[in-house]
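As given, the protein sequences belong to chains A and B, one line each in that order. Letter by letter, the first sequence follows residues 1 to 243 of this note's numbering. Letter by letter, the second sequence follows residues 244 to 486 of this note's numbering. No residue lacks a Cβ here, since even glycine has one placed at the ideal position from N, Cα and C. Taking it in order: structure first as structure tokens, then the write-up.
There are 2 protein chains.
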Amino acid sequence: MTTDCTDCPLRRLAVFDNATDTELDFIQRFKAGELQIEAGTTLMVEGERSAHLYTVLSGMGLRYKTLHDRRRQVINFVFPGDFIGIQSALGRDMTQSIEATTDMTLCVFPADRVWSLFKSHPSVAFNLTWVAATEEHFLSEILTAVGQRKATELIAWGVLRLWERGASLGLVENGAMPLPYRQRDAADALGISLVHFNKTMHKLTDQGLFEWRDDRLRVYEIDKLRELAMVCGGPLLDKRPLI
Amino acid sequence: MTTDCTDCPLRRLAVFDNATDTELDFIQRFKAGELQIEAGTTLMVEGERSAHLYTVLSGMGLRYKTLHDRRRQVINFVFPGDFIGIQSALGRDMTQSIEATTDMTLCVFPADRVWSLFKSHPSVAFNLTWVAATEEHFLSEILTAVGQRKATELIAWGVLRLWERGASLGLVENGAMPLPYRQRDAADALGISLVHFNKTMHKLTDQGLFEWRDDRLRVYEIDKLRELAMVCGGPLLDKRPLI
DNA sequence: CGCAAGTTTGAGGGATCTCAAACAAAGTGG
DNA sequence: CCACTTTGTTTGAGATCCCTCAAACTTGCG
Chain A
1 MTTDCTDCPL RRLAVFDNAT DTELDFIQRF KAGELQIEAG TTLMVEGERS AHLYTVLSGM
61 GLRYKTLHDR RRQVINFVFP GDFIGIQSAL GRDMTQSIEA TTDMTLCVFP ADRVWSLFKS
121 HPSVAFNLTW VAATEEHFLS EILTAVGQRK ATELIAWGVL RLWERGASLG LVENGAMPLP
181 YRQRDAADAL GISLVHFNKT MHKLTDQGLF EWRDDRLRVY EIDKLRELAM VCGGPLLDKR
241 PLI
Chain B
244 MTTDCTDCPL RRLAVFDNAT DTELDFIQRF KAGELQIEAG TTLMVEGERS AHLYTVLSGM
304 GLRYKTLHDR RRQVINFVFP GDFIGIQSAL GRDMTQSIEA TTDMTLCVFP ADRVWSLFKS
364 HPSVAFNLTW VAATEEHFLS EILTAVGQRK ATELIAWGVL RLWERGASLG LVENGAMPLP
424 YRQRDAADAL GISLVHFNKT MHKLTDQGLF EWRDDRLRVY EIDKLRELAM VCGGPLLDKR
484 PLI
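Quick look at the structure:
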């Protein structure tokens with residue numbers, strides 16, 4: 001039994017725009033089905049072309065690129081509500097891999113209908129562009145962090161981002177949110193070595209700023225993290241469209 | 244006297260898609276005018292909102308973000324044909340600054356007409372999305388480089404990318420292309436210090452792999468650079484739309 | 001019990017950073 | 001035409017951040 005778009009649990013969240021009935025109706029028809037994958041599955045592989053687009057209904061994963069000698073850059077963590085595969089919608093090969101780190105449920109959309117979407121539903125097309133542009137914006141923020149911050153700041157910054165993302169998605173319960181990743185994933189996301197990540201993270205957790213155990217993250221001293229991370233403003237959680 | 248879109252010199256380049264007459268006609272009407280700015284001018288400032296979009300007709304510049312303590316990440320170099328400001332088209336503040344490093348000529352488009360563009364010209368809207376998605380793709384490549392490669396590989400990789408970009412735009416003349424930047428810009432783009440950039444670059448130039456002097460880049464040993472940079476395939480120069 | 005995956009620790013080396021100063025080229029004003 | 005400033009490049013040296021290697025430890029599982 002697949003989820004009905006009109007009844008999508010994600011859509012109730014305050015972070016997501018209210019779609020019009022027309023939009024909702026279209027998205028429902030656009031949706032080809034649902035895909036369930038198990039933790040550990042690779043959803044998309046670098047170099048291949050996917051005929052589908054996905055929206056994450058539930059579960060988490062990660063997006064990464066690899067170099068020839070096994071070095072790996074985690075581009076971003078994949079959370080519920082994320083839209084995956086715009087690249088293939090536009091007729092390009094995927095240049096990154098996507099892997100599930102928990103069981104996931106995904107809404108499936110056929111890539112070959114994207115073009116007609118632009119003709120028939122401009123507002124949805126607009127949202128699609130919005131999502132792509134926002135993605136780009138976040139990537140540039142990550143790049144700035146990886147390029148300029150040093151390990152301590154980086155980790156504080158990363159924890160903060162994950163926490164705020166999780167909070168906006170209602171994933172925080174009893175002061176904790178799920179974070180089903182390994183330290184290796186975090187290190188590869190920040191561009192530092194596993195060992196250095198481990199040691200530097202402990203310098204922060206020993207101060208009681210946060211805790212990451214058993215796949216769950218808890219933040220205790222958010223203000224101190226902000227200070228360490230050198231971010232001024234609070235979280236930037238614009239409303240965004242859900243496709 | 245402004246350039247007529249039907250007569251745009253960029254559009255003759257092989258990298259750019261052929262636009263249909265309808266598209267061209269629309270873009271011409273969409274274009275509000277041309278902007279000339281001098282080298283050193285800041286076109287867009289972080290935190291502000293721009294009412295315009297731009298396409299670079301000629302000249303070069305750079306896109307960057309700053310931290311509070313003056314650290315700066317150069318996100319990318321701005322070349323002719325680049326489309327600037329999708330963010331503001333979608334009603335967001337700019338989160339990065341853009342600065343001209345040479346005199347530049349830009350085509351100006353009003354941001355508030357973007358929405359109607361989606362309704363009236365879906366193919367142009369599609370191209371817009373394509374550009375945004377491609378931009379994201381390149382950013383993730385840059386992120387991978389900055390996060391995983393070490394200085395020598397990084398520099399080889401960066402030179403290679405600039406060279407291939409320049410070549411696709413027909414900027415290479417007599418074995419040299421314009422590269423009007425400072426070593427500080429390059430260092431900030433790669434996330435390494437100016438001093439380290441200087442020393443590491445000389446290790447490569449001393450081997451005769453390339454040369455960067457007087458704002459011009461020359462590549463002598465492209466295969467060796469490829470090897471150092473750990474890139475396998477040749478240049479990826481898909482055709483792309485010009486807006 | 002033994003294996004696999006992940007975390008933690010220690011130690012030494014190398015890459016990169018910062019500080020500082022010298023050097024080069026170009027522009028300015030007297 | 002010559003100080004003098006400004007901007008950018010180059011070099012040296014010491015400090016530190018970060019990496020790699022290696023091993024111990026921990027946990028879950030067959």
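Flag this pair as yes or no: are the beta carbons of residue i and residue j separated by less than 8 Å?
i	j	result
Glu291 of chain B	Met337 of chain B	yes
Ala176 of chain A	Arg218 of chain A	yes
Pro484 of chain B	Asn370 of chain B	yes
Asp57 of chain A	Thr6 of chain A	The residue you asked about is not Asp; residue 57 of chain A is Leu in the sequence shown. No, the Cβ-Cβ distance between Leu57 of chain A and Thr6 of chain A is not below 8 Å.
Leu296 of chain B	Ala332 of chain B	yes
Leu62 of chain A	Val45 of chain A	no
Val351 of chain B	Ala432 of chain B	no
Ala275 of chain B	Thr129 of chain A	no
Gly324 of chain B	Phe259 of chain B	yes
Ile243 of chain A	Val114 of chain A	no
So which residues on chain B does residue i lean against when the C-beta distance must stay under 9 Å?
i	result
Trp157 of chain A	Going along chain B, no residue has its Cβ under 9 Å from Trp157 of chain A, so there is no contact; the nearest lies around 10 Å.
Leu90 of chain A	Phe369, Thr372, Trp373, Ala376, Thr377
Step through the CB atoms of chain B and report whether any lies within less than 8 Å of the CB of residue i.
i	result
Ile84 of chain A	no
Met44 of chain A	no
Lys239 of chain A	no
Lys65 of chain A	yes
Leu24 of chain A	no
Gly61 of chain A	no
Ser140 of chain A	yes
Thr200 of chain A	no
Phe118 of chain A	yes
Thr95 of chain A	yes
At a CB-CB cut-off below 7 Å, which residues of chain B make contact with residue i?
i	result
Lys224 of chain A	Correct list: empty, because the minimum Cβ distance to chain B is about 16 Å.
Arg71 of chain A	Gln391
Thr245 of chain A	Look at the range of chain A in this structure, 1 to 243, and you will see that residue 245 of chain A is not part of it.
Trp115 of chain A	Phe369
Measure from the C-beta of residue i to each C-beta in chain A and report whether the shortest distance is under 8 Å.
i	result
Pro365 of chain B	yes
Ala368 of chain B	yes
Gln330 of chain B	yes
Gly434 of chain B	yes
Thr246 of chain B	no
Using only CA atoms, which one of the options lies nearest to residue i?
i	options	result
Ile231 of chain B	B:Arg272, B:Thr246, B:Pro323, B:Leu468	As shown, chain B starts at 244 and ends at 486. That puts residue 231 of chain B outside it, with no answer to give.
Gln207 of chain A	A:Ile222, A:Leu194, A:Arg216	A:Ile222
Val231 of chain A	A:Trp157, A:Arg70, A:Phe30	A:Trp157
Lys65 of chain A	B:Pro252, B:Arg255, B:Asp346, B:His380	B:His380
Leu414 of chain B	B:Ser366, B:Pro252, B:Ser363	B:Pro252
Gly328 of chain B	B:Val402, B:Ser293, B:Leu471, B:Phe273	B:Ser293
Ser116 of chain A	A:Gln36, A:Ile27, A:Leu169, A:Val131	A:Ile27
Gln96 of chain A	B:Arg335, B:Arg313, B:Glu384, B:Asp260	B:Glu384
Asp457 of chain B	B:Pro423, B:Ile435, B:Ala354	B:Pro423
Gly152 of chain A	A:Lys203, A:Leu160, A:Glu164	Rather than Gly, the amino acid found at residue 152 of chain A in this sequence is Thr. Residue A:Lys203 is the option with its Cα nearest to Thr152 of chain A.
Thr265 of chain B	B:Leu386, B:Glu277, B:Pro365, B:Arg313	B:Pro365
Gly476 of chain B	B:Phe440, B:Val438, B:Glu407	B:Glu407
In the DSSP assignment, find the alpha helix (DSSP H) that holds residue i and state where it starts and stops.
i	result
Asn319 of chain B	Segment 315-321 is the beta strand (DSSP E) holding Asn319 of chain B; no alpha helix (DSSP H) there.
Gly390 of chain B	365-391
Leu437 of chain B	437-448
Thr395 of chain B	394-411
Ile341 of chain B	From DSSP, Ile341 of chain B is part of no alpha helix (DSSP H) but of the beta strand (DSSP E) over 340-343.
Arg292 of chain B	Segment: none, Arg292 of chain B is in no alpha helix (DSSP H) and carries neither H nor E.
Arg248 of chain A	The question about residue 248 of chain A has no answer here: the residues shown for chain A are numbered 1 through 243.
Ile243 of chain A	Careful: Ile243 of chain A lies outside any alpha helix (DSSP H) and carries neither H nor E.
Ala89 of chain A	86-89
Grab the span of the beta strand (DSSP E) containing residue i for me, first residue to last.
i	result
Leu349 of chain B	347-353
Thr265 of chain B	Not the beta strand (DSSP E): Thr265 of chain B falls in the alpha helix (DSSP H), residues 264-273.
Ile222 of chain A	First-last for Ile222 of chain A: 222-229, but that is the alpha helix (DSSP H), not the beta strand (DSSP E).
Arg306 of chain B	304-309
Leu43 of chain A	42-44
Arg461 of chain B	459-462
Chain A partners of residue i, CB-CB under 8 Å?
i	result
Cys475 of chain B	His68
Ile341 of chain B	Chain A residues near Ile341 of chain B: none, gap ~12 Å exceeds 8 Å.
What does residue i reach in chain A if we use C-beta pairs closer than 7 Å?
i	result
Ala375 of chain B	Thr129, Ala132, Ala133, Glu136
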